[in-house]
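**Student:** Counting along the sequence shown from 1, when you hit position 7 you're at 7 in the UniProt record's numbering, and nothing is skipped either side. Let me begin by handing over the structure; questions about it come next.
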Amino acid sequence: MGAKPQSELLAVNQHTAVLQQVLQTSLVQDSLVYSYGKSFNGFAATLTEEESKRIAGLDGVTSVFPNGMYKLHTTRSWDFLNFTKSIKRVPGVESNIVVGVFDTGAWPESKSFNDQGLGPPPQKWRGACVTKNFTCNNKIIGARVYPDTLTDSARDENGHGSHTASTIAGRSVHGVSLYGLAKGDARGGVPLAKIAVYKVCSSLGCSFKDILAAFDDAIADGVDLISLSLGPDSAATHFFEDPIAIGSFHAMARGILISNSAGNTGPSWRSTASVAPWILTVAATSIDRRFISKLALGNGKTLVGNAINTFPSHGTMLPLTSGANARVSNCSSGAGWTCSSGCLDPKLVKGHILFCQEGQDAYGTPVLQAGAIGFVTQSRILDVAFAYPLPATTLGPYQMVDVDYYINMTRNPRGRIFHSEAVLDKKAPTVASFSSRGPNPITPEIIKPDISAPGVEIFAAWSPDGHISGSPADKRSVNYHITSGTSMACPHATAAAAYVKSFHPDWSPTAIKSALMTTATPISRKRNMEGEFAYGSGNINPVKAANPGLVFDASTEDYIQMLCNIGYTSKQVMIISGDSSSCSGKPKGSVNDLNYPSVAYKVKPNTTTFSATFSRTVTNVGDAKSVYTSRIRPRKAGDTIQVRTVPRVLQFTELNEKKEFKVVIAGSNPENGSSRSFSIEWSDGKHLVRIPAVVYDL
């Protein structure tokens, strides 16, 4: 994307002129889809492959890439973070913060979005409510909708967008629940902040061109932060091929912080697709509340499973059968076991609790349509509870064996499913198994994800038009719902960033990101074997982040230099930055020199000894006169890997003073397929500034 043109009209004229040079069969007005000219320079058009090649060869064109689709990454959580209603706030500043939410829209009538007592939009706001069947107010101050969502309304028909937006900035709503589950007050992290809705996603996904158009609009509208709970299900791509990386670079350059979900393709290594260093990438963790649903068998045994089961408990024992025993004759035994669509005999299913092996499709839709009155299946993900369109519970593999044995060894097997209940999870926080992991395949020296936040079984606003279970056969309609995903973690981090910004309105996005990372609460590696590649710097701690002591800041030029240092060409950098930045001459250093609040060193294959140095600069934002001393944890006698800082002491005499230090990592005989984690902790006795360091050979 190029630099912002002098006017939108000039941008349209430029884009029209380019198309006129290459179009062979269609008219310009039929081909041009978007003309991006508010915040950066580019356009989207319908082209043949030959026409796209011809455009790519024109002078002044930096990049041509095909449109594609990204996927959505689907109030105890704030209390779990010790971010209570009584924490200190700056109401006058918080109420002028505008958060742009790129998602499926919002349900404006939700009580979470009421504007009672809120003032008008801030003077900086230049956005609008450009949508049908949607009324903005002093909470949702702007709304836009984009063509590939196949609607002309920013109204949320899915639920995902309402959930994320209310987690960020929803008003406190008393006494709500999901059919009695999670009963209490629903609230967002920054309830006084304004919301701007950018509907870029539908049930079909989120198109590249709509995402870029939303970035163009949001930057020009005057948002302070952008939250994107969406992204690819594939591996990370180079930044110049990633529309989120490109759009967010332009936003970062304008002082806007971008928070993005890490993805839901974990626990595989290198599954995090959001790896641009100017983005805050968020992993999902559990909170100390989880939901269970019990299954009682006729032999007296009770099994504890996972489910968001909102239906009343079965009053008595009911007939229990398996999909294999209830299949139609023309379906295989395997298709019956998995309760596949079209393979269940309604005569054998009706009035029964149906037992299905892993593989059942459509969130239990075939089971419901066949007439079952209960559903027992194998957990798709053992550490998360999902909702189903009928009374249900999900079991682990050993529990499944117990049920299978009982059904096949009993003349009249019976069972009873209970309404879900909340239980205490003392192991929290742990990283959700679905949460995408690092290491970072593009820049191995930068740990991704950056941070973690609650993303498991989160309660927040929902669209009455949205399905509870994901099944189109589920006709229940609710205003609040419990759901999981890095989609739910991302808005927690967005709200935490907005909270920090309310105390420090002049801080750069990078400084705010640093404050969140260096004050994060450490997570136990014993329960998360991937360590920092699962949870980043740890779980967000918004209150501590508002007073971090030291911050690691970086400029747009620093990121451009990093792009040059990883070997990008001037043209590739221009695709991202949109300006005339070049990478002429030799690289000036390495990625090790980017001022990032974490350190990673990937050991090269067949290495016996290694050494690496990372340059860092901290800015004093704590007490004017302060002395910070570093400590490395853990230190083990006879350790083959050593981490140290040079110097060990940093002395400050004034606020905003900068000091440089180096992190030196050296070692020998690294183990193949291993990683070692260290913490570099700077303390002045009042503040603890912690950055993780990881040495790995993965």
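Virtual Cβ for every residue (Gly too), placed ideally from N, Cα, C.
THR338 to GLY538, Cα distance in whole Å?
**Tutor:** As a working mapping, residue 338 is identified with position 338 in the sequence shown. As a working mapping, residue 538 is identified with position 538 in the sequence shown. Spanning the two alpha carbons is a distance of roughly 38 Å.
**Student:** Determine the extent of the alpha helix (DSSP H) in which LYS659 is found, giving its start and end residues.
**Tutor:** Against the sequence shown, residue 659 aligns to sequence position 659. Note, LYS659: premise wrong, no alpha helix (DSSP H); beta strand (DSSP E) at 658-668.
**Student:** What is the rounded straight-line gap between the Cα of ALA335 and the Cα of THR365?
**Tutor:** The residue you call residue 335 lines up with position 335 of the sequence shown. The residue you call residue 365 lines up with position 365 of the sequence shown. Spanning the two alpha carbons is a distance of roughly 15 Å.
**Student:** So does the region 187-196 actually touch the region 437-456, counting three or more Cβ pairs closer than 8 Å?
**Tutor:** At 8 Å Cβ cutoff, the stretches do not touch.
**Student:** Name the DSSP bridge partner or partners of TYR628?
**Tutor:** If you number the sequence shown from 1, residue 628 lands on position 628. According to DSSP, which records beta bridges pairwise, TYR628 is partnered with LEU650.
**Student:** With burial defined as no fewer than 16 other Cβ atoms inside 10 Å of the residue's Cβ, what is the status of SER172: buried or exposed?
**Tutor:** Your numbering for residue 172 matches position 172 in the sequence shown. SER172 comes out exposed.
**Student:** GLU532: which of PHE418, ALA235, ILE451 and VAL90 sits nearest, CA to CA?
**Tutor:** On the sequence shown, residue 532 is found 532 positions in, with the first residue counted as 1. It is ILE451.
**Student:** Classify LEU650 as buried or exposed, calling it buried when 16 or more other Cβ atoms lie within 10 Å of its own Cβ.
**Tutor:** Looking up residue 650 in the sequence shown gives position 650. Result: buried.
**Student:** Apart from the five residues just before and just after CYS136, which ones in its own chain have a Cβ nearer than 8 Å to its Cβ?
**Tutor:** For the purposes of this step, residue 136 is taken as the residue at position 136 of the sequence shown. If we look at CYS136 and ignore the five residues flanking it on each side, its Cβ neighbours are PRO108, CYS129, GLY142 and ALA143.
**Student:** Work out the CA separation of LEU81 and PRO429 for me, nearest whole Å.
**Tutor:** Within the sequence shown, numbered from 1, the residue matching residue 429 stands at position 429. Within the sequence shown, numbered from 1, the residue matching residue 81 stands at position 81. If you take the alpha carbons of PRO429 and LEU81, they lie about 10 Å apart.
**Student:** For MET488, tell me which candidate among LYS124, GLY161 and SER110 has the shortest Cα-Cα distance.
**Tutor:** To locate residue 488, count along the sequence shown from 1; it is residue 488. Residue GLY161 is the option with its Cα nearest to MET488.
**Student:** Suppose contacts are defined by Cβ-Cβ distances below 8 Å. Is PHE102 in contact with LEU297 by that definition?
**Tutor:** Counting from 1 along the sequence shown, the entry for residue 102 is found at position 102. Counting from 1 along the sequence shown, the entry for residue 297 is found at position 297. Their beta carbons are not under 8 Å apart, which means PHE102 does not touch LEU297 by this criterion.
**Student:** Under 8 Å between the Cβ atoms of ILE226 and GLY323?
**Tutor:** Reading the sequence shown from its first residue, position 226 is the one you call residue 226. Reading the sequence shown from its first residue, position 323 is the one you call residue 323. Not a contact, by the Cβ cut-off of 8 Å.
**Student:** Who pairs with LEU320 in a beta bridge, going by DSSP?
**Tutor:** Taking the sequence shown and counting its residues from 1, the one referred to as residue 320 is at position 320. Partner(s): ILE353.
**Student:** Just reading off the beta strand (DSSP E) that VAL599 is part of, what are its end residues?
**Tutor:** The count along the sequence shown starts at 1 and reaches residue 599 at position 599. Run containing VAL599: 599-602, per the beta strand (DSSP E) assignment.
**Student:** In the DSSP output, which residue or residues are listed as bridge partners for LYS427?
**Tutor:** Taking the sequence shown and counting its residues from 1, one reaches residue 427 at position 427. The partner list for LYS427 (beta bridge, DSSP) is empty, contrary to what the question assumes.
**Student:** Residue range of the beta strand (DSSP E) that TYR480 falls in?
**Tutor:** As a first step, residue 480 must be located in the sequence shown, where it is residue number 480. Where TYR480 is concerned, the enclosing beta strand (DSSP E) stretches over 480-483.
**Student:** Might you give, ordered along the chain, the residues of its own chain that have their beta carbon closer than 7 Å to the beta carbon of SER268, omitting 5 neighbours on each side?
**Tutor:** The sequence position of residue 268 within the sequence shown is 268, counting from 1. Cβ neighbours of SER268 beyond the five flanking positions: ARG437.
**Student:** Going by beta-carbon coordinates alone, are GLY305 and THR394 separated by less than 8 Å?
**Tutor:** In the sequence shown, counting from the first residue as 1, residue 305 sits at position 305. In the sequence shown, counting from the first residue as 1, residue 394 sits at position 394. Taking 8 Å as the Cβ cut-off, GLY305 and THR394 qualify as a contacting pair.
**Student:** Looking only at its chain, what residues have a beta carbon closer than 7 Å to the beta carbon of HIS492, apart from the 5 residues adjacent to it on each side?
**Tutor:** Residue numbering aside, residue 492 sits at position 492 when the sequence shown is read from its first letter. So the qualifying residues of the chain are SER77, THR167, GLY189, ALA453, PRO454 and ILE540.
**Student:** I'd like to check one pair, LEU303 with ASP402: are the Cβ atoms closer than 8 Å?
**Tutor:** Position 402 of the sequence shown, counted from the first residue, corresponds to residue 402. Position 303 of the sequence shown, counted from the first residue, corresponds to residue 303. Contact flag set, yes.
**Student:** Could you check if TYR499 is buried or exposed, using at least 16 other CB atoms within 10 Å of its CB as the buried criterion?
**Tutor:** Mapped onto the sequence shown, residue 499 falls at position 499. It counts as buried.
**Student:** Taking the straight line between their C-alpha atoms, what separation do you get for THR74 and SER203?
**Tutor:** Within the sequence shown, the letter at position 74 stands for residue 74. Within the sequence shown, the letter at position 203 stands for residue 203. Its pLDDT being 44, under 50, THR74 is placed unreliably by the model, and the measurement read from it follows with that caveat. Looking at the two C-alpha atoms, the distance is approximately 12 Å.
**Student:** Buried or exposed: where does VAL627 fall if 16 or more other Cβ atoms within 10 Å of its Cβ makes it buried?
**Tutor:** Locating residue 627 in the sequence shown gives position 627, counting from the first residue. Looking at its Cβ environment, which holds fewer than 16 other Cβ atoms inside 10 Å, VAL627 is exposed.
**Student:** Out of curiosity, what's the CA-to-CA distance linking GLN642 and ILE665?
**Tutor:** Taking the sequence shown and counting its residues from 1, the one referred to as residue 642 is at position 642. Taking the sequence shown and counting its residues from 1, the one referred to as residue 665 is at position 665. Cα to Cα, the separation comes out at about 6 Å.
**Student:** Looking only at its own chain, which residues have a Cβ that is under 7 Å from the Cβ of VAL223, when we skip the five neighbours before and after it?
**Tutor:** Translated into the one-based positions of the sequence shown, residue 223 becomes position 223. Within the same chain, VAL223 has close Cβ partners VAL98, VAL99, GLY100, ALA196 and ILE256.
**Student:** Within the same chain, show all residues whose beta-carbon is closer than 7 Å to that of PRO505, passing over the 5 residues directly before and after it, in chain order.
**Tutor:** By 1-based counting over the sequence shown, the position of residue 505 is 505. Excluding positions up to five away in sequence, the list reads VAL93.
**Student:** Provide the residue span of the beta strand (DSSP E) that contains GLN123, from first to last.
**Tutor:** Stepping through the sequence shown from its first residue, residue 123 is reached at position 123. It is not in any beta strand (DSSP E) - GLN123 carries neither H nor E in the DSSP assignment.
**Student:** Hey, how far is the Cα of LEU295 from the Cα of PRO439?
**Tutor:** Taking the sequence shown and counting its residues from 1, one reaches residue 295 at position 295. Taking the sequence shown and counting its residues from 1, one reaches residue 439 at position 439. Cα-Cα distance, rounded: 40 Å.
**Student:** Starting from the Cα of LYS209, find the closest Cα among TYR596, ASP217 and PRO243 and give me that residue.
**Tutor:** Along the sequence shown, read from residue 1 onward, the residue named residue 209 stands at position 209. Comparing Cα positions, the closest option is PRO243.
**Student:** For THR521, collect the residues of the same chain with a Cβ closer than 7 Å to its Cβ; drop the 5 residues on either side in sequence, then sort them by chain order.
**Tutor:** For the purposes of this step, residue 521 is taken as residue 521 along the sequence shown, with counting starting at 1. Within the same chain, THR521 has close Cβ partners GLY538, ASN539 and ASN541.
**Student:** Whole angstroms is fine: what's the gap from ALA165's alpha carbon to LEU550's?
**Tutor:** To locate residue 165, count along the sequence shown from 1; it is residue 165. To locate residue 550, count along the sequence shown from 1; it is residue 550. Going by the C-alpha atoms only, they are around 30 Å apart.
**Student:** Using a Cβ-Cβ cutoff of less than 6 Å, which residues in the same chain neighbour LYS686 once the five nearest sequence positions on both sides are dropped?
**Tutor:** Numbered from its first residue, the sequence shown carries residue 686 at position 686. Around LYS686: no qualifying Cβ.
**Student:** Is the CB-CB distance between residue 725 and THR613 below 8 Å?
**Tutor:** The structure shown does not extend to residue 725, since the chain is modelled only from 1 to 698, so the question has no answer here.
**Student:** Exposed or buried, PRO413, counting other C-beta atoms within 10 Å across all chains shown (16 or more means buried)?
**Tutor:** As a first step, residue 413 must be located in the sequence shown, where it is residue number 413. By the 10 Å Cβ count, PRO413 comes out buried.
**Student:** Take THR483 as the anchor and find which of SER177, GLU241, LYS475 and ILE575 has the nearest alpha-carbon.
**Tutor:** Translated into the one-based positions of the sequence shown, residue 483 becomes position 483. Taking only the C-alpha atoms, the option nearest THR483 is SER177.
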